[in-house]
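Heads up: the sequence shown begins at 177 in my numbering, then just goes up one per residue. Virtual Cβ for every residue (Gly too), placed ideally from N, Cα, C.
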Amino acid sequence: MKFSTTRYFLYTIVFLSLLSCSTLRKVMPDNSSKNVNENKSSSATTSTKFIYKPKPSDEIIPRGIDFANTPSVIAFGSCAHQDFPQPLWEQIQKDSPDLFLFTGDTVYASTSETKPFQAQYKKLNQIKEFRSFREKVPFMATWDDHDFGVKDGGADNPDKEEARKEFLTQWGYIKDSLKMNQKGIYHAKILGGVKKKSPSVQIIVLDTRWFRSPLKYAEVTEDVPLKEVMATTVAGVSPGVVPAIPPTTSPGSNTELPAMVVKTEKKVVKKIIPNTDKAATILGEEQWQWLERQFRKPANLRILVSSIQFVAENHPYEKWSNFPNEKERMVQLLKKTGVKNLFIVSGDMHVGSIAKMDIKGWGPLFDITASGINRVADVKIEDPSYVGNQAKTENFGLFHVDWSRKKLTVELRDNENKVVNKLETSLK
């Protein structure tokens, strides 16, 4: 039997097409509104988007967010430098979180040596532990100064457009959440609450960088520990402190240690001071109006993501208290809207902590800081708002919700997955 040239040509095209299809794969994009259980059939449904494309060896297939399901375990953390190991992701995975909230400094790109932004995200995505975690657990994220591109940066950052472009590329789900022509990256999602038959969790992600007014500084003279002393830290003794007796001396029941001697020098330093200008802002007017609308939406639990600490009062670093009028505006907004079951999570500090603020006529407000994934400072940061222990090693936070009993536990966990500090409360 003879085939015509035309028929042979058509059969060849069909064969090559089938062969090509066998090399393609089905993946869920990061901005998909549905998630697919890995054990279920991968057949497409009308509620699930799929794309087909080859898989480069260095590509992450991010786990999409399932907005229909109510999360019971939510992890959070910050400060993950792409040039250093990140083993903490393996510890977080052991707690099987339904969602991870990245509260800022997702990469470090605030110096000329750590640019362009795209290259830093590529480094992050090549870290084995992070890749594995992101393929199993959905993320929501905001930025802080280092992934915004300027240390302690704000609205005057000349690289913020590029920073935004690459941030939205890395965390693709955000694009579907932004209003048309919106500036910055603030966004919100509600998980669960389908037809009001299940509880709902509202995640409100603030942008504390794009609109923020300049910080205000003052020069002050302080006693600063000498550098050569700082470099010779004795085990069990704070940096800059020289023991008057050998550190191996064991205090007995009636032994009194001599006073410690601190070597210092006078030095003029720049310190952040409160910016009381009425026009000074953190969020910008547009974001404030948007936030009020979010507070008025129904939800059984609300988590407000702020890259910098809200409650802290006196420490010398970035915080909402550097803009006292903005902090007071938030307090008044909580009262005005009557929003309940709201907790703040933050990052930035390289030390984990829980802070409490009693708001007259509203109740206690908690700010839980988990920081960082691999950037930590082995120091105790003093602030009158802090309650309980601080996490001085790599650390992360965990929300555990018992929906049947309306019980909430928030934990700070260290690099061995041990609880350092925790908060227990009932949902109203």
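Beta strand (DSSP E) runs contained entirely in the region 503–584, provided each spans 3 or more residues: 518–522, 529–535, 539–545 and 572–578
Anyone know if the C-beta pair for Lys312 and Asn593 falls short of 9 Å? no
Apart from the five residues on each side of it in sequence, which residues of its chain come closer than 6 Å, Cβ to Cβ, to Leu603? Asn517, Lys582 and Leu584
Would Phe343 pass as a contact of Ala317 if the rule is Cβ separation under 9 Å? yes
Give the range of the beta strand (DSSP E) segment to which Ile278 is assigned. Correcting the residue type first, residue 278 is Phe in the shown sequence and not Ile. Its beta strand (DSSP E) spans residues Leu275 to Thr279.
Sequence-distant residues of its chain with Cβ nearer than 8 Å to Gln262 (five each side left out): Ala256, Ile303, Glu305, Phe306, Ile549 and Asn550
Could you tell me whether the region 558–576 touches the region 523–536, using the rule of 3 or more Cβ pairs below 8 Å? yes
With distance defined between alpha-carbon atoms, name the residue in Asp383, Thr457, Trp496 and Trp464 nearest to Pro390. Thr457
Measure the C-alpha to C-alpha separation of Ser223 and His491 and round it to an integer number of angstroms. Below a pLDDT of 50, predicted positions are generally treated as unreliable, and Ser223, at 35, falls in that range; no measurement from the model is reported.
Glu494, buried or exposed, once every other Cβ within 10 Å from all chains shown has been counted against 16: buried
For Leu360, tell me which candidate among Glu337, Gly368, Gln378 and Asp554 has the shortest Cα-Cα distance. At residue 360 the sequence reads Gly, which differs from the Leu that was named. With distances taken between Cα atoms, Gly360 lies closest to Glu337.
Bridge partners - Thr397, DSSP secondary structure assignment: Val444
Smallest Cα separation from Lys355: which of Trp466, Ser497, Arg589 and Arg505? Trp466
How should Glu504 be labelled, buried or exposed, when 16 other C-beta atoms within 10 angstroms of its C-beta is the threshold for buried? exposed
DSSP three-state call for Lys348: helix, strand or coil? Note that residue 348 corresponds to Gly in the displayed sequence, not to Lys. Looking at Gly348 - three-state DSSP - the assignment turns out to be helix.
Is the region 273–282 close to the region 242–253, with three or more CB pairs under 8 Å? yes
Are the beta-carbon atoms of Gln294 and Thr246 separated by less than 9 Å? no
Identified DSSP bridge partners for Ile380: Ala364 and Leu480
How many Å lie between Tyr297 and Phe309 at the Cα? 15 Å
Considering only the alpha carbon of each residue, which of Glu441, Lys372 and Tyr362 lies closest to Gly460? Tyr362
Expressed to the nearest angstrom, what Euclidean distance is found between the alpha-carbon atoms of Val377 and Leu480? 11 Å
Please tell me whether Asp335 and Lys291 are closer than 9 Å, where the distance is taken between their beta carbons. yes
Indicate whether Val400 and Lys446 have their beta-carbon atoms separated by less than 9 Å. no
If you compare alpha carbons, which of Asn591, Trp347 and Ser286 is closest to Arg239? Trp347
On the three-state DSSP scale, how would you describe Ser308? helix
Assuming Asp320 contacts Asp281 (C-beta within less than 8 Å), just tell me the rounded distance between them. 5 Å
When you compare only the Cα positions, how much space is there between Ile557 and Tyr393? 20 Å
Mind checking who Glu289 pairs with in its DSSP beta bridge? DSSP output for Glu289 lists no bridge partner at all.
Should Ser483 and Asp453 be called a contact, given that it needs their Cβ atoms to be closer than 9 Å? no
Which residue from Trp496, Gly329 and Pro314 puts its Cα closest to that of Leu367? Pro314
Endpoints, the alpha helix (DSSP H) within which Phe252 is located: Taken as a continuous stretch (DSSP letters only), Phe252 belongs to no alpha helix (DSSP H), being part of the beta strand (DSSP E) at Val249 to Gly253.
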